[in-house]
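Be aware that the sequence shown starts at 26, since it is given in this note's numbering, and climbs by one per residue.
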Amino acid sequence: MKKMLFALALVGLAWAEPHRHHDFKDVPHWVEAFEEKSRDAWQKPQEVVDWLELSPGQVVADLGAASGYFSRPMAQKVGPAGWVFAIEVEPGFFPPLHQLAAKAGIHNVATVLASFDDPHLPDESTDLVFICDTLHHIEGRPAYYEKLKRALKPHGRIAVVDFFPERDIPVGPKKSERLSVEQVTKEFEDAGLEVSSNLTLLPYQYIILGQKK
Ligand SMILES: C[S@@+](CC[C@H](N)C(=O)[O-])C[C@H]1O[C@@H](n2cnc3c(N)ncnc32)[C@H](O)[C@@H]1O
Numbered sequence: 026m027k028k029m030l031f032a033l034a035l036v037g038l039a040w041a042e043p044h045r046h047h048d049f050k051d052v053p054h055w056v057e058a059f060e061e062k063s064r065d066a067w068q069k070p071q072e073v074v075d076w077l078e079l080s081p082g083q084v085v086a087d088l089g090a091a092s093g094y095f096s097r098p099m100a101q102k103v104g105p106a107g108w109v110f111a112i113e114v115e116p117g118f119f120p121p122l123h124q125l126a127a128k129a130g131i132h133n134v135a136t137v138l139a140s141f142d143d144p145h146l147p148d149e150s151t152d153l154v155f156i157c158d159t160l161h162h163i164e165g166r167p168a169y170y171e172k173l174k175r176a177l178k179p180h181g182r183i184a185v186v187d188f189f190p191e192r193d194i195p196v197g198p199k200k201s202e203r204l205s206v207e208q209v210t211k212e213f214e215d216a217g218l219e220v221s222s223n224l225t226l227l228p229y230q231y232i233i234l235g236q237k238k
């Protein structure tokens with residue numbers, strides 16, 4: 026029980042830090058937090074990835090990939106003919122990300138070093154941009170969405186998984202730092218995306234999809 030509470034506190038801390046550029050410099054600490062086994066129970070990575078209905082051969086960008094917690098199941102879903110671009114501003118995550126992927130027998134994850142204001146993705150390269158617990162770190166989002174849209178193939182999608190601000194939950198950033206469903210929906214609509222969502226799959230988080238028209 027003590028170990029479980031410690032793990033929850035660690036994961037909570039991982040998201041509780043304010044979003045400054047040096048936030049994630051202590052890579053071993055964050056890898057341990059993001060890969061913590063108890064996360065699976067509420068994060069349900071396989072169910073999230075299944076819900077996204079990815080197809081073999083597709084290209085996915087995991088924006089703010091960190092240890093690749095979501096890159097790995099998405100890479101398995103798109104298969105050897107597909108790719109996951111694991112996009113990060115903190116290059117210290119790349120060695121553990123590659124090691125964890127290789128350990129799972131996954132060889133279709135490529136790392137991309139991003140800037141804070143640019144994912145550095147080629148134009149029309151990507152079927153899905155996946156953003157878990159990272160959107161609130163991005164400043165100047167209207168301009169950033171334009172860059173993401175350019176990177177999407179026709180009818181490509183952006184998926185955001187993030188914490189409900191109004192719920193009392195044992196993990197995640199401070200309520201004041203969380204983005205609401207209404208805010209992300211409005212931002213996506215303003216960006217000219219067609220919006221849909223799943224508000225019930227996960228206990229602590231919503232999923233919002235924005236599709237390029
Ligand atoms: C809370 S972690 C999310 C980790 C991962 N998505 C997961 O679900 O396990 C946020 C990550 O986003 C990265 N990040 C922050 N701002 C970013 C940006 N503008 N572009 C790409 N990555 C960014 C951080 O370095 C950090 O690894």
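Just so you know, even glycine gets a beta-carbon here, dropped at the ideal spot from N, CA and C.
Small disclaimer: the values here were computed from a predicted structure and weren't measured.
Contacts around residue i, its chain only, beta-carbon distance under 8 Å, and the 5 residues preceding and following it disregarded
i           : result
residue 140 : 114
residue 226 : 69, 72, 73, 76, 232
residue 218 : 170, 174, 183, 235, 236, 237, 238
residue 151 : 84, 85, 86, 110, 176, 177, 178, 181
residue 104 : 81, 82, 133
residue 147 : 176
residue 106 : 81, 82
residue 222 : 206, 210, 231, 232, 233, 234
residue 214 : 220
For residue i, the nearest candidate out of the options (CA to CA)
i           : options            : result
residue 167 : 142, 185, 74, 99   : 142
residue 238 : 174, 85, 225       : 174
residue 132 : 153, 116, 99       : 99
residue 108 : 120, 222, 95       : 95
residue 177 : 155, 186, 228      : 155
residue 201 : 61, 118, 195, 190  : 190
residue 216 : 127, 66, 165       : 165
residue 149 : 222, 196, 172      : 172
residue 128 : 97, 199, 188       : 97
residue 51  : 138, 117, 123, 199 : 117
residue 125 : 53, 212, 221, 144  : 53
residue 102 : 209, 121, 153, 210 : 153
Cβ shell of residue i (< 7 Å), same chain only, five flanking positions each side left out
i           : result
residue 42  : The pLDDT assigned to residue 42 is 40, lower than 50, so where the model puts this residue is not dependable; a value taken from the coordinates is nonetheless given after this. So the list reads 48, once near-sequence residues are dropped.
residue 163 : 169
residue 192 : 229
residue 59  : 39, 91, 92, 94
Residue span of the alpha helix (DSSP H) that contains residue i, given as start and end
i           : result
residue 168 : 166-176
residue 210 : 206-215
residue 72  : 70-76
residue 240 : Here the chain covers residues 26 to 238 and nothing more, so residue 240 does not appear.
residue 103 : 96-103
residue 52  : 52-59
Boundaries (first-last residue) of the beta strand (DSSP E) holding residue i
i           : result
residue 151 : 151-157
residue 110 : 108-113
residue 22  : The requested residue 22 is not part of the displayed model; the chain covers only 26 to 238.
residue 219 : 218-223
residue 125 : Run containing residue 125: none in the beta strand (DSSP E); it sits in the alpha helix (DSSP H), 119-128.
residue 90  : It is not in any beta strand (DSSP E) - residue 90 carries neither H nor E in the DSSP assignment.
Close Cβ partners of residue i (< 6 Å) along its chain, the five nearest in sequence each way excluded
i           : result
residue 67  : 228, 229
residue 186 : 157, 230, 232
residue 194 : 229
residue 136 : 111, 119
residue 224 : 231
residue 138 : 116
For the segment 143-160 against the segment 88-104, are there 3 or more C-beta pairs whose distance is under 8 Å?
Yes: at least three Cβ pairs fall under 8 Å.
For the 8 Å Cβ check, are there 3 or more pairs between the segment 56-76 and the segment 197-207?
The segment 56-76 vs the segment 197-207: no contact.
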